[in-house]
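**Q** Pasting a structure here, questions to come.
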Amino acid sequence: MITFKSGASRGDAQGFSLIELMIVVAIMAIIASIALPSYNEHLRKSRRAAGTACLLQAAQQMERLYTTELSYEDAPAAFACDGDTADFYTVVPAAAAARTYTLSATPIGRQSGDSCGTLTLNQAGDRTPGTAGCW
Numbered sequence: 000m001i002t003f004k005s006g007a008s009r010g011d012a013q014g015f016s017l018i019e020l021m022i023v024v025a026i027m028a029i030i031a032s033i034a035l036p037s038y039n040e041h042l043r044k045s046r047r048a049a050g051t052a053c054l055l056q057a058a059q060q061m062e063r064l065y066t067t068e069l070s071y072e073d074a075p076a077a078f079a080c081d082g083d084t085a086d087f088y089t090v091v092p093a094a095a096a097a098r099t100y101t102l103s104a105t106p107i108g109r110q111s112g113d114s115c116g117t118l119t120l121n122q123a124g125d126r127t128p129g130t131a132g133c134w
């Protein structure tokens, strides 16, 4: 808004012109368009790391079960994860037999668009997918 003091000439005007304001808005839009995708990718990676940590915790629970029962067959139907990981991954035993198991962490909600998809881990420590950025 341009304001004039009484008796002042146009050269003494104070405030911002519309052009200056539009330049600032354009610069902020450019910065936001660069920062937002980077921020979303960072969130996706941190949620994936929490999902893999939950999968490893479930594997530890399976090993504890095996040391007491000498079998993986009595595995729980699902595993509880720390924090808000349960909002983004469901960790369940995909297959459990007497001597083998396979655990899977399936992305849900906002994490379902993750490029790695479902993460799996078995009793031998084999992990899928084998993509370097997923584990």
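The sequence shown: position 113 = 112 (numbering that gives the first Met the number 0), numbered continuously. For every residue, glycine included, the Cβ atom is placed at its ideal position computed from N, Cα and C.
What three-state label does DSSP hand Leu35 in the structure shown?
**A** Numbered from its first residue, the sequence shown carries residue 35 at position 36. The answer is helix: DSSP assigns Leu35 an H, G or I state.
**Q** By alpha-carbon positions, which one of Ala28, Ser16, Ala123, Gln56 ends up nearest to Val90?
**A** Walking along the sequence shown from the start, residue 90 turns up at place 91. For the residues Ala28, Ser16, Ala123, Gln56, the minimum Cα distance to Val90 belongs to Gln56.
**Q** State the DSSP-derived secondary structure class of Ser45, mapped to helix, strand or coil.
**A** Reading the sequence shown from its first residue, position 46 is the one you call residue 45. Helix.
**Q** For the beta strand (DSSP E) containing Tyr71, list its first residue and its last residue.
**A** For the purposes of this step, residue 71 is taken as residue 72 along the sequence shown, with counting starting at 1. Looking at the DSSP string, Tyr71 is not in any beta strand (DSSP E), and its letter there is neither H nor E.
**Q** Excluding five sequence neighbours on each side, which residues of the same chain lie with their C-beta closer than 7 Å to the C-beta of Cys115?
**A** On the sequence shown, residue 115 is found 116 positions in, with the first residue counted as 1. Arg47, Pro128, Thr130, Cys133, listed in sequence order.
**Q** Given Asp73, which residues of its chain have a CB within under 7 Å of its CB, disregarding the five upstream and five downstream residues?
**A** As a first step, residue 73 must be located in the sequence shown, where it is residue number 74. For Asp73, where only same-chain residues beyond five positions count, the Cβ hits under 7 Å are Leu64.
**Q** Relative to the C-alpha of Thr66, which residue among Tyr38, Asp83, Ala97, Ala93 is closest?
**A** On the sequence shown, residue 66 is found 67 positions in, with the first residue counted as 1. Per the Cα distances, Ala97.
**Q** Ends of the beta strand (DSSP E) at Ser111?
**A** As a first step, residue 111 is located in the sequence shown; it is residue number 112 there, counting from the start. Per DSSP, Ser111 belongs to no beta strand (DSSP E) and is neither H nor E.
**Q** Report yes if the C-beta distance between Tyr88 and Cys53 is below 8 Å; otherwise report no.
**A** Translated into the one-based positions of the sequence shown, residue 88 becomes position 89. Translated into the one-based positions of the sequence shown, residue 53 becomes position 54. A contact, by the Cβ cut-off of 8 Å.
**Q** Leaving out five residues on either side along the sequence, give the residues of the same chain with a beta carbon under 7 Å from the beta carbon of Thr84.
**A** Against the sequence shown, residue 84 aligns to sequence position 85. For Thr84, where only same-chain residues beyond five positions count, the Cβ hits under 7 Å are Ala49, Gly50, Cys53.
**Q** Indicate the three-state DSSP secondary structure (helix, strand or coil) for Arg126 in the structure shown.
**A** By one-based count along the sequence shown, residue 126 stands at place 127. In the structure shown, Arg126 sits in a strand (DSSP, three-state: E or B).
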